[in-house]
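J.: Numbering-wise (numbering that gives the first Met the number 0), the sequence shown opens with residue 0 and increments by one.
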Amino acid sequence: MEKEIFVGRMQVLVIRKNIKNMYLRVCPPEGDVRVTAPFRYTDAQIAAFVQAKVDWIRKQQEQIRRRPARTEHRYETGELFYVWGAPCRLLVAEKGENAFPAGTRADGAMAPGLDEVGFAGDFTGNRRLGAAETETPQWIRPDEGIHTKWGCVCLYGAALYMEVMPHTSLEDRKKLLTEWYRQQMQQAVPEVLARCEARMGLHANEWRIRDMKTRWGTCNIRERRIWLSLHLVKYPPQCLECVITHELVHLLERGHNKRFYHFMDRFYPDWRTVKKILAERKD
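1. Phe5: which of Gly77, Phe38, Asp31 sits nearest, CA to CA?
2. Which residues in the same chain have their Cβ closer than 8 Å to the Cβ of Glu29, if we skip the five residues on either side of it in sequence?
3. Assign Thr147 to buried or exposed, taking buried as 16 or more other Cβ atoms, counted over all protein chains shown, within 10 Å of its Cβ.
4. Using a Cβ-Cβ cut-off of 6 Å (strictly less than) and excluding sequence neighbours within five positions of Pro27, which residues of its own chain qualify?
5. Considering only their Cβ atoms, is the gap separating Ile14 from Thr41 smaller than 8 Å?
6. Does the region 192-204 come into contact with the region 44-63, if we say contact requires no fewer than three beta-carbon pairs (one atom in each stretch) closer than 8 Å?
7. Assuming the contact rule is C-beta atoms closer than 8 Å, Ile220 and Ala203 should be a hit. Round their C-beta distance to whole Å, please.
8. Hey, would you say Leu176 sits closer than 8 Å to Val82, going by beta carbons?
9. Given this structure, state the Cα-to-Cα distance separating Gly216 from Ile208, to the nearest angstrom.
10. With respect to the beta strand (DSSP E) encompassing Leu23, which residues constitute its N-terminal and C-terminal limits?
11. Quick check: the region 222-236 against the region 258-266, are there 3 or more CB pairs under 8 Å?
12. Using DSSP bridges, identify the partner residues of Leu16.
13. Thinking C-alpha only, which one of Lys16, Arg214, His166 is nearest Ala92?
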């Protein structure tokens with residue numbers, strides 16, 4: 000159940016759910032204030048909760064306003080997209096224009112024999128490649144690409160190659176790249192999750208990927224299910240590992256309290272650095 004209330008001049012969206020605690024969020028891109036509260040809380044109680052957090056809310060809104068404006072992509076040749084923290088240029092061609100370079104197949108799958116490439120801080124802990132071996136950080140394995148009804152995409156060198164049918168719409172190009180991003184996440188998560196579970200002595204029954212724009216992850220404690228934001232694929236690999244660790248910690252502690260951050264310090268001591276990285280926009 001949703002409704003809007005005002006706390007002074009501040010408009011607040013209130014979402015009532017069957018939960019135990021009340022949560023306050025300041026949401027990009029406009030800094031909207033959202034409160035999720037149990038059904039038992041009155042409007043007056045929620046307003047008092049928000050009023051007590053006004054200084055913190057203003058600080059968060061100011062940080063959001065200082066962020067660079069979101070890039071509106073056209074999904075055209077020359078645009079910059081991020082893949083695991085590395086900037087990659089998009090190269091687009093219509094079917095029949097031979098969009099992919101030598102060593103790739105036109106269906107988006109990499110040809111056999113393509114050399115492996117990797118980067119410092121990869122998902123598997125494999126050797127680190129120096130600048131002489133690869134100029135741009137790359138996914139640890141040869142990219143096999145993705146082929147959909149909208150076209151195909153593969154990563155080759157420092158470029159994202161997209162081959163589309165003639166007159167493909169902007170929305171369909173976006174869907175195509177989104178599916179390729181999703182494939183990257185699906186390949187990366189299992190080994191990172193397994194490593195985190197082994198380190199922490201915990202187990203998630205299920206994980207899923209969702210196109211979340213205001214959260215990096217969520218945890219359904221009762222079902223032991225974690226959700227991960229698709230947009231983590233745009234950030235360095237350590238961000239994925241930190242977010243997975245964060246969500247697994249919720250299996251030990253529901254709230255973000257002193258005990259929770261004690262576990263974060265124990266299982267991922269560098270989480271504060273990752274938090275700063277995730278504050279940078281990678282459209």
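Cβ atoms here follow ideal geometry from the backbone N, Cα and C, with glycine treated the same way.
T.: In brief:
1. Asp31
2. Ile63
3. exposed
4. Ile63
5. no
6. no
7. Rounded, the Cβ-Cβ distance is 10 Å, inconsistent with contact.
8. no
9. 9 Å
10. 22-26
11. no
12. What sits at residue 16 in the sequence shown is Lys, not Leu. Lys16 pairs with Pro37.
13. His166
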